[in-house]
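Sequence positions in the sequence shown follow our numbering and run 8 to 189.
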Amino acid sequence: MKYALVLVLFSLIPLISPTLTCRAEETPTSNPAFKKLTPDERKRRFEALKKELEAFKPAQDAERDEVLVYLQQVIDASSKFAKENPKTAEGFEAASSGAMQLASRSHPKSCELAKLALDVAPSAGVEVRQIAICWLLVANGEMVKGDLAAARTALDKMRDLAPELYALAAKQMDELEAKNKK
């Protein structure tokens, strides 16, 4: 059941039009010497991060190991940047686009990165639909773990953010739950 719903939720990925991009040791709170970046410097570093990851992006026919190394780079770089730049559009974008890249390859850590994106999201300045997509990825991750209640809760949090996407995901989840109760 959970794999069927995961596939169903992943089938929604083409509808969400990903914005793709994006090392996690230190955070601003763990390093007292951490210096907050100016908005221009933060944007410059974010653009550099995107270019760096794009340069390492494997070809479509790349070996599995090469893809896994790249995805680990995405996880590390996206997490580090997001943690160093909380409550900024760039921090959110780094984590959310990294989560989308992982989800596009069915990587199990897409949920964790989506949760990080939601944690670092600013109160304004990011696309509401992108926040909804993160909630969809969290719901998918909870389904993989077999936690239907948590998956439903995550889906409900996207209801007002992207009603059409919510309706599709909720309908598919309802159908699968009904099918599995038979």
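Glycine residues also receive a C-beta, built at the ideal position from the N, C-alpha and C atoms. Here the structure is a predicted model, which means the values were calculated and not measured.
Check: Validate contact between the segment 99-107 and the segment 64-77 using beta carbons, cut 8 angstroms, 3 pairs; Outcome: no
Check: Residue environment, residue 187, which counts as buried when at least 16 other CB atoms sit within 10 Å; Outcome: exposed
Check: Assumed close pair residue 56, residue 81 - CB separation to whole angstroms, cut-off 8 angstroms; Outcome: Going by Cβ atoms, the distance from residue 56 to residue 81 rounds to 10 angstroms, so no, they are not a contact pair.
Check: Inter-stretch contact (C-beta, 8 angstroms, three-pair minimum) for the segment 149-157 and the segment 121-132; Outcome: no
Check: C-alpha gap between residue 164 and residue 134, whole angstroms; Outcome: 15 angstroms
Check: Alpha carbon of residue 166 to alpha carbon of residue 52, nearest angstrom; Outcome: 33 angstroms
Check: Alpha carbon of residue 171 to alpha carbon of residue 116, nearest angstrom; Outcome: 26 angstroms
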